[in-house]
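Quick notes on the structure that follows.
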Amino acid sequence: MDTGKVLLGVLAGVAVGAVLGILFAPEKGSDLRKKISKKGEDYAEGMKDKLDDFIESFSDKFEETKDEIKEKIEKEMNSAKSKI
């Protein structure tokens, strides 16, 4: 199974568990709303960090692949020029 899908499933499970835990805890409504808001902000920040990491990783891999392709093209061009 793809690691990204597993990670997404785990994060979703944690989020659902946290929300359900908060909803079933006996508290005043205003305190509960504050907690839900805080958990939502924390979850959103965590997802933003994960997305930033993914984008950075993807960007690095893209640049690496682009450089490899450029080198191969230059090598083939030089090889073709030497045969002419």
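Per my numbering, residue 953 is the first one in the sequence shown, and the count goes up by one each step.
All C-beta atoms, glycine included, are put in the ideal place defined by N, C-alpha and C.
Fair warning: this is a prediction, and the values are worked out from it, not measured in the lab.
Check: State the DSSP-derived secondary structure class of LYS1055, mapped to helix, strand or coil.; Outcome: Any answer about residue 1055 is impossible in this case: the structure gives the chain only from 953 up to 1036.
Check: Taking only three categories from DSSP, how would you classify ALA996?; Outcome: helix
Check: I need the straight-line Cα distance from ALA964 to LYS1002, nearest angstrom please.; Outcome: 13 Å
Check: Cβ atoms of LYS991 and ALA924: under 7 Å apart, would you say?; Outcome: With the chain covering 953 to 1036 only, the question about residue 924 has no answer from this structure.
Check: Pick helix, strand or coil for ALA967, following the three-state DSSP scheme.; Outcome: helix
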